[in-house]
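S.K.: Sharing a structure here in structure tokens format.
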Amino acid sequence: MTARARSHLRALGFANVVHDDQDFFVRVRDKKFMASIDLIWDNPPYTTPDMKERVLRALAASGKPFAMLLPISILHVAFVRDVVDMAHVQAIVPRRAWVKKRGTEDKELPFKYLCWFCFKAKLARDLLFAEDEDGADGD
């Protein structure tokens, strides 16, 4: 999360936004820290498919609601159905997602269709389509 994202969340009324450089796998097992948060919202760097699965398994084991920016194909991956109760899964589909990896300016990214994979978020609907800030539909 960038400082801009943190400021935006605070402007929306989220007073306690945690953004620090600590080991996720240590932090998610810290019972005191986990008791102090309501939702995990992140777009961590997934270096390998195994890392993506490891992060999702740790989040599911934490029992906390979470939202992670992932390729939309995550909704079809078998291990996800084994890890989370799909009755608690919701998705937010952005109209546009600007993804840029460092050092890959001229390379095609392995995915371009993303969603916020939400678990236990208690959103108004299971599938939401986010609009651009300027109201454009992204076409």
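Our numbering puts the first residue of the sequence shown at 13, with every later residue one more than the last. Positions of the beta carbon are idealized from the N, C-alpha and C atoms, including for glycine.
With respect to the alpha helix (DSSP H) encompassing Leu71, which residues constitute its N-terminal and C-terminal limits?
M.R.: Segment 61 to 74, the alpha helix (DSSP H) holding Leu71.
S.K.: Just the C-alpha distance for Ile86 and Lys76, rounded to the nearest angstrom, thanks.
M.R.: Ile86 and Lys76: Cα-Cα distance of roughly 19 Å.
S.K.: Less than 8 Å between the C-beta atoms of Ala79 and Ala133, yes or no?
M.R.: Their beta carbons are under 8 Å apart, which means Ala79 touches Ala133 by this criterion.
S.K.: Going by DSSP, what residues sit across from Met98 in a beta bridge?
M.R.: Partner(s): none; Met98 has no beta bridge.
S.K.: So, at 7 Å on beta carbons, what are the nonlocal neighbours of Pro236 in its own chain, with the 5 sequence-adjacent residues on each side left out?
M.R.: In the structure displayed, the chain extends from 13 to 151; residue 236 sits before or after that span and is not available.
S.K.: Which class does Ile49 belong to by DSSP, given the choice of helix, strand or coil?
M.R.: The answer is coil: DSSP assigns Ile49 none of H, G, I, E or B.
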